Amino acid sequence: MINIIAIDLDGSLLDDNKNLPDDFWEIAEQVFKKGIHMVIASGRPFHNIASVFEPIKDKLYFACDNGAYVVHSSEEILVNQLGADPIKNFVEISRPIENVYPVLCGKHLAYIENTDKAFTDQALKYYQEYKIVDDLTKVDDIILKISLCDLAGSETNSYPFYKQFENNFKVAVAGQIWLDITNVDGSKGTAIKTIQERLGISPDETLVFGDYLNDLDMIQEAGFSYAMKNAHPQIIEAAKYITEFDNNHGGVTHTIKKLLNL
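Numbering (the working numbering), first residue to last: 51 to 312.
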């Protein structure tokens with residue numbers, strides 16, 4: 051029996067043009083009628099994700115900023131804040147790395163200190179609510195995550211500089227040009243566990259879809275774990291199943307319909 055469906059957004063539910071599958075709204079309605087809870091788990095901030103799902107946002111659980119911030123119907127369920135000293139350190143490490151631009155992700159606002167067009171063209175797809183500051187190390191706000199926009203490729207360019215911190219922080223390659231850093235328990239996996247415990251639902255009753263390395267620990271919290279057909283090889287290896295179709299051909303909704311006989 052499936053009682054939670056947790057879905058990554060970019061590369062999983064959304065196609066490469068950032069569109070929802072045509073049948074998503076109909077399927078969501080049927081899922082809710084069955085009493086199944088739906089979680090949208092993404093590296094994106096709350097304001098951005100909520101705008102995508104405006105008609106049903108009060109019915110959804112949102113695991114935002116890679117799970118560092120969990121919200122349901124305007125209730126904050128989990129807030130996992132990064133400390134000022136680690137933020138300062140991570141920002142300073144990023145500055146000499148070519149083609150890398152840090153973003154500090156607050157609950158309601160993102161902070162950037164560079165307005166390079168190649169960077170802002172990428173970052174402002176996700177951070178519509180933002181503030182330009184002179185120095186990110188002096189931002190005074192609750193910061194959930196630091197995201198590095200790495201235009202040279204996060205897995206090979208910036209990740210090697212931050213790999214050393216993996217024992218004490220969650221360092222996740224979140225996409226081809228994104229590297230995300232949260233507290234060690236600020237992850238999609240922790241977010242899913244928190245929601246499971248809140249609802250009294252076990253991993254065996256949980257269906258999860260993911261495509262990239264920031265989905266890895268979420269995949270491990272589900273009895274029904276699906277890697278997208280287009281997923282990173284490590285996600286395909288970790289998941290129990292692979293979707294029949296990729297994100298550009300409704301892989302998530304096709305699988306839900308098949309599993310729930312919709």
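Positions of the beta carbon are idealized from the N, C-alpha and C atoms, including for glycine.
Just so we're clear, the structure is a prediction, and the values are computed from it rather than from any experiment.
Residues near residue i by beta carbon distance below 7 Å, same chain, minus five either side
{"i": "Asp-65", "result": "Asn-297, Asn-298"}
{"i": "Asn-164", "result": "Tyr-151"}
From the options, residue whose alpha carbon lies closest to that of residue i
{"i": "Glu-125", "options": "Glu-148, Leu-110, Ile-137, Asp-135", "result": "Leu-110"}
{"i": "Phe-211", "options": "Lys-279, Asn-139, Arg-248, Leu-186", "result": "Asn-139"}
{"i": "Phe-103", "options": "Asp-254, Tyr-119, Phe-215, Ala-78", "result": "Ala-78"}
{"i": "Ser-62", "options": "Thr-305, Ser-101, Lys-243", "result": "Thr-305"}
{"i": "Ile-192", "options": "Leu-132, Asp-184, Val-141", "result": "Leu-132"}
{"i": "Tyr-176", "options": "Ala-160, Lys-213, Val-141", "result": "Ala-160"}
Coarse secondary structure for residue i, derived from DSSP in three states
{"i": "Thr-170", "result": "helix"}
{"i": "Pro-105", "result": "helix"}
{"i": "Met-268", "result": "helix"}
{"i": "His-282", "result": "coil"}
{"i": "Ser-62", "result": "coil"}
{"i": "Ile-52", "result": "coil"}
{"i": "Val-221", "result": "strand"}
{"i": "Ile-192", "result": "coil"}
{"i": "Asn-116", "result": "helix"}
{"i": "Val-234", "result": "coil"}
Spatial neighbours of residue i in its chain, beta-carbon cut-off 8 Å, leaving aside the 5 residues before and after
{"i": "Asn-218", "result": "Val-234"}
{"i": "Ile-99", "result": "Leu-59, Ile-90, Ser-92, Phe-112, Cys-114"}
{"i": "Ile-292", "result": "Tyr-276, Ala-277, Met-278, Lys-279, Ala-281, Ile-286"}
{"i": "Glu-148", "result": "Ala-202, Asn-207"}
Residues near residue i by beta carbon distance below 6 Å, same chain, minus five either side
{"i": "Ile-54", "result": "His-87, Ile-251, Thr-256"}
{"i": "Lys-220", "result": "Thr-232, Val-234, Gly-236, Ser-237"}
In DSSP terms, what residue i is bridged to
{"i": "Tyr-161", "result": "Leu-154, Lys-181"}
Contact between the stretch 170-180 and the stretch 212-224: three or more CB pairs below 8 Å?
-> no
Check whether the stretch 141-158 touches the stretch 197-207, taking contact to mean three or more Cβ pairs, one atom from each stretch, closer than 8 Å.
-> yes
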